[in-house]
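Colleague: Residue numbers (our numbering): 11 to 278.
For reference, the structure I am asking about is given below.
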């Protein structure tokens, strides 16, 4: 199982930056002596590909089609849930009943916390967890955290998110789904927990670039999804001429977006 996961992710990575640029460069080196023009052309293509994939404006365009939901309006949330609470005998049956947070990855070493076996949520998981805490305070809905452990690692993403919410934000977590290894399993395993509690309508918390595929998986398992996207921060120069200057942040944004498009293309 681990071998399949490793091979699958290795193959996918070859088509994503920066590996796709390295592949083009190696091909250029391999053919330049026998086919100088082809080799030089591949080298130029590699440089252009690296530049464009790292440009914030290009990255933003690649990601744009993935962002299918706008941020929720906190004031509108307050009004909707206040009105529902005021009509307890006739509560709004269209409002979500729970908040589901999808893990975005972990860092498997966090020695700064004093435990050699400790781990920490990565940037994406932290952003999702923080926004879910904000959402929970506005809606007072129960929380489900979803995310398994990396292969061979003893701590699941869901457990780390639970610890952060309960210990750092003071919010209880009702369900901990700690077995999933991908978005499809996030949906299937979470749905099993929620439907057992009579819950069919959820706020789904994940990044905007991950939301399109996530919605599809959760709707397939019978849940009504109200998107609650986060991570809308953009470089200040994303829409200016300087947004065509390559940056590491732009390269990472392109990589995330391209990975999502590839996952959708193969129905993953």
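Ideal Cβ placement from N, Cα and C applies to all residues, glycine included.
The beta strand (DSSP E) with residue 236 in it runs from where to where?
Modeller: On the chain shown, residue 236 is found 226 positions in, with the first residue counted as 1. Run containing residue 236: 234-240, per the beta strand (DSSP E) assignment.
Colleague: Between the region 128-136 and the region 166-173, are three or more C-beta pairs nearer than 8 Å?
Modeller: yes
Colleague: Okay, do the region 206-217 and the region 133-151 touch, 3+ Cβ pairs below 8 Å being the bar?
Modeller: Note that the region 206-217 touches the region 133-151; at least 3 beta-carbon pairs, one per stretch, sit closer than 8 Å.
Colleague: Taking the CB atoms as reference points, tell me whether residue 105 and residue 94 lie closer together than 8 Å.
Modeller: Along the chain shown, read from residue 1 onward, the residue named residue 105 stands at position 95. Along the chain shown, read from residue 1 onward, the residue named residue 94 stands at position 84. Yes, they are a contact pair.
Colleague: Excluding the five sequence neighbours on either side, which residues of its own chain have a C-beta within less than 7 Å of the C-beta of residue 200, listed in chain order?
Modeller: Position 190 of the chain shown, counted from the first residue, corresponds to residue 200. Around residue 200: 110, 154, 156 and 187.
Colleague: Determine the direct distance from the alpha carbon of residue 79 to that of residue 73, and round the result to whole angstroms.
Modeller: Locating residue 73 in the chain shown gives position 63, where the first residue counts as 1. Locating residue 79 in the chain shown gives position 69, where the first residue counts as 1. When rounded, the distance between both Cα atoms is 13 Å.
Colleague: Answer yes or no: do residue 52 and residue 34 have a C-beta to C-beta separation smaller than 8 Å?
Modeller: Looking up residue 52 in the chain shown gives position 42. Looking up residue 34 in the chain shown gives position 24. Cβ atoms of residue 52 and residue 34: closer than 8 Å.
Colleague: Distance check for residue 43 and residue 266, CA to CA, integer angstroms please.
Modeller: One-based indexing of the chain shown puts residue 266 at position 256. One-based indexing of the chain shown puts residue 43 at position 33. Spanning the two alpha carbons is a distance of roughly 35 Å.
Colleague: Smallest Cα separation from residue 229: which of 70, 194 and 41?
Modeller: Along the chain shown, one-based indexing puts residue 229 at 219. In this structure, 194 is the residue among 70, 194 and 41 with its C-alpha nearest to the C-alpha of residue 229.
Colleague: Report buried or exposed for residue 234, applying the criterion of at least 16 other Cβ atoms within 10 angstroms of its Cβ.
Modeller: Position 224 of the chain shown, counted from the first residue, corresponds to residue 234. By the neighbour-count rule (16 or more Cβ atoms within 10 Å), residue 234 is not buried but exposed.
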